[in-house]
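Protein chains in written order, with our numbering: chain H, 314 to 702; chain V, 420 to 728. See structure below.
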């Protein structure tokens, strides 16, 4: 812990640079505009481009450059205490270390760590394969080893979380939005109520649920205690029980995100023209047909938006894991795991490689959703244009 | 409604056809089920909330009482002060005013810069035609897919190279560079809806671009501008990741880090849930207050991307 320089001493240098950057940016924009005009660019394009320049500068400094740097670092070894990265004999070492898996037979009486051995090739340090699982096959015992089982477990946990929590959150939100769309009295009141958890800080939500799920004195177990007595079972351990960590996180996540989805879907429902339903009713369509052929297609852009944002959020869940200490051995959510690799264990090069793999996973899944959207997302505007009248 | 129609209705009710009667009962049952479901949902939302506030007002002995008490007796308002005293005894200088000051300093600076830069950039995207605009806009939107994990390490290195680690700079200054693609997108959608004549009239009156922006356009998109204002306040107030990486002097911590510090230092002994819930309530209170005051803007900001896009 460093000494305390006092509040004022920590505020004013930042304030100076904050104002300085704003002024500098203003001068840059003005100068650029003049230059473009001198070069013969018309007023409209020159102004438009100049106004976007803050974002372009920021994009170059805070997005493009870091992405490039992180790509380079992912092929190096770089401890946080070092001044510069060290090149690796095997440039792909970081990636191999994260993903290497080996399955070997386990003879009677041998210890898995000896059978599994170490990673081959030129490695900067000895990297052992460690057991992540075992299975029997044709009377022999096999052991699965990984060079970084924690990472693989983290990815597995995160993927399961996304695949389970996103659809649940969307279906639940759709249900509530449909309920609220039935000419319910005081829609505004209900909407506010359901949206409430979404505005809370993730940190507060995490602490609150950690307490609600406390095994011996938490509220959830108190509510469930009649059921425990009925079934004659021990109270559930929630966050402390490794098989229940995932469900606990999913329940907490649903409580938090659900309201925001509902508000978006409700706005989408209110946007559907009533005459569509009337026309369908004249044609003799039932409730389900109307739902299937009017509500869902007209709502699909909002559903699509929810799907994309929720998936990205689920794959990069961070704060909740930081406030809820679960066992690293059973897998941490991968974003938090990578943070720890970089800033707790100081492996900046390795963390960059892991960051790239998470980014590729997120981008791949997002693009997949985008590709599939052509089949099920329906844009009213696009239809009108295509129809052409 | 006149007396005549009312009596007619009454007559109808008396001589109701059995089928109509059945339909009426079904419809009522339908309504009742809807409200019951909504109430169950409301309970699921509200009970954790009330539990948070209730716990924050308990003494240590009341915490583990069985069955749980909803309204503690006596009500320990003192927790809200004692939590800070206890935090100050772990890390000297961590006082309530200091931490609130830090949090507000970061939040207000970042919010202000974020709002203005997003508005300027959105204006450039929405109201002017220039070569490559749509490509740049598309790139901007696709940056939403990049997880912060990817830029975390290199950004840290950049700030270290600049000698600005453990200052508030990384949390506030980059906000001038319009770092929120979602905010730009939202404002652009609003700028697009304004008729061109508004600008043309101002040009005829001899206004320059800056004047048009500040006196004509910004007032016209005020709802959207305030919407990103509240979203940005919420985002920066709740932000945990960036302070965690860039700050290490405890006295410089914003609220969220102070809470985490408190939680970690307590983990060895019995967790003081009443203090932690008091802290969590304090952290949530300003956001809830803002939400109730500016609800309209929250909802506007949330729905525009999904519904109007």
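For every residue, glycine included, the Cβ atom is placed at its ideal position computed from N, Cα and C.
Asked                                                                                                                                                                               : Found
Looking at the C-beta of residue 357 of chain H, does it have a partner C-beta in chain V at a distance below 8 Å?                                                                  : yes
For the pair the segment 578–593 of chain H and the segment 652–666 of chain H, tell me if three or more CB-CB distances fall below 8 Å.                                            : no
Under DSSP, the alpha helix (DSSP H) around residue 402 of chain H begins and ends at which residues?                                                                               : Residue 402 of chain H -> no alpha helix (DSSP H), and no H or E assigned at all.
Please go through the segment 543–624 of chain V and give each complete alpha helix (DSSP H) segment of 4 or more residues, from N-terminal end onward.                             : 552–561, 567–580, 588–591, 600–611, 616–623
Quick check: what's the CA-CA separation for residue 319 of chain H versus residue 480 of chain H?                                                                                  : 49 Å
Pairing CB atoms from the segment 668–687 of chain H with CB atoms from the segment 499–510 of chain H, are three or more of them under 8 Å?                                        : no
Can you find a CB in chain H that lies within less than 8 Å of the CB of residue 611 of chain V?                                                                                    : no
Mind checking whether residue 486 of chain V and residue 382 of chain H have CB atoms under 8 Å apart?                                                                              : no
Any idea what DSSP makes of residue 302 of chain H, helix, strand or coil?                                                                                                          : The question about residue 302 of chain H has no answer here: the residues shown for chain H are numbered 314 through 702.
Within the segment 443–491 of chain V, note down every full alpha helix (DSSP H) run reaching 4 residues or more, in order along the chain.                                         : 479–482
List, in chain order, every chain V residue whose beta-carbon is nearer than 7 Å to that of residue 330 of chain H.                                                                 : 588, 592
Scan the segment 644–669 of chain H for residues whose Cβ lies nearer than 9 Å to a Cβ of chain V and list them as they occur along the chain.                                      : 647, 648, 651, 652, 655, 656, 661, 662, 664, 665, 667, 668, 669
Between which residues of its own chain and residue 345 of chain H is the CB-CB distance below 7 Å, once the five residues before and five after are set aside?                     : 363, 366
Taking 6 Å as the limit between beta carbons, can you name the residues of its chain near residue 697 of chain V, skipping five residues before and five after?                     : 475, 498, 499, 502
If we count the other Cβ atoms within 10 Å of its Cβ and call it buried at 16 or more, is residue 575 of chain V buried or exposed?                                                 : buried
May I ask you to report which of helix, strand or coil DSSP gives residue 459 of chain H?                                                                                           : strand
Taking one C-beta from the segment 321–335 of chain H and one from the segment 588–595 of chain V each time, how about it: are there three or more such pairs within less than 8 Å? : yes
Could you give the uninterrupted runs of the alpha helix (DSSP H) lying entirely in the segment 618–660 of chain V, keeping only those of 4 residues or more?                       : 641–657
Hey, how far is the Cα of residue 360 of chain H from the Cα of residue 642 of chain V?                                                                                             : 25 Å
In three-state terms, what does DSSP make of residue 469 of chain H?                                                                                                                : helix
Ordered along the chain, which non-local residues of its own chain (more than five positions away) have a Cβ less than 8 Å from that of residue 640 of chain V?                     : 538, 606, 609, 610, 613
Rounded to whole angstroms, what's the CA-CA distance from residue 598 of chain H to residue 604 of chain H? Just pull it up for me.                                                : 10 Å
Reducing DSSP to helix, strand and coil, say where residue 395 of chain H ends up.                                                                                                  : coil
Going by alpha carbons, who is nearest to residue 665 of chain H out of H/411, H/517, H/420?                                                                                        : H/411
Can you tell me the Cα-Cα spacing of residue 602 of chain V and residue 388 of chain H, whole angstroms?                                                                            : 35 Å
Please specify which runs of the beta strand (DSSP E), each continuous and at least 3 residues long, are wholly inside the segment 511–572 of chain H, giving them in chain order.  : none
Could you check what DSSP says for residue 630 of chain H in three-state terms: helix, strand or coil?                                                                              : coil
Quick one: give me the first and last residue of the beta strand (DSSP E) that residue 447 of chain H is part of.                                                                   : 443–450
Go through its chain and collect everything with a Cβ distance to residue 470 of chain H's Cβ below 6 Å, but skip five positions before and after it.                               : 644
Which whole-angstrom value is the C-beta distance of residue 520 of chain H and residue 682 of chain V, which I expect to be below 8 Å?                                             : 7 Å
Are the beta-carbon atoms of residue 659 of chain H and residue 394 of chain H separated by less than 8 Å?                                                                          : yes
Of the residues H/511, H/491, H/530, which one's Cα is nearest the Cα of residue 454 of chain V?                                                                                    : H/491
In chain V, which residues lie less than 7 Å from residue 495 of chain H when you measure between Cβ atoms?                                                                         : 453
Can you find a C-beta in chain H that's less than 8 Å from the C-beta of residue 530 of chain V?                                                                                    : no
Tell me whether residue 533 of chain V sits in a helix, a strand or coil according to DSSP, three-state version.                                                                    : helix
Can you name the residues that DSSP bridges to residue 390 of chain H?                                                                                                              : H/399
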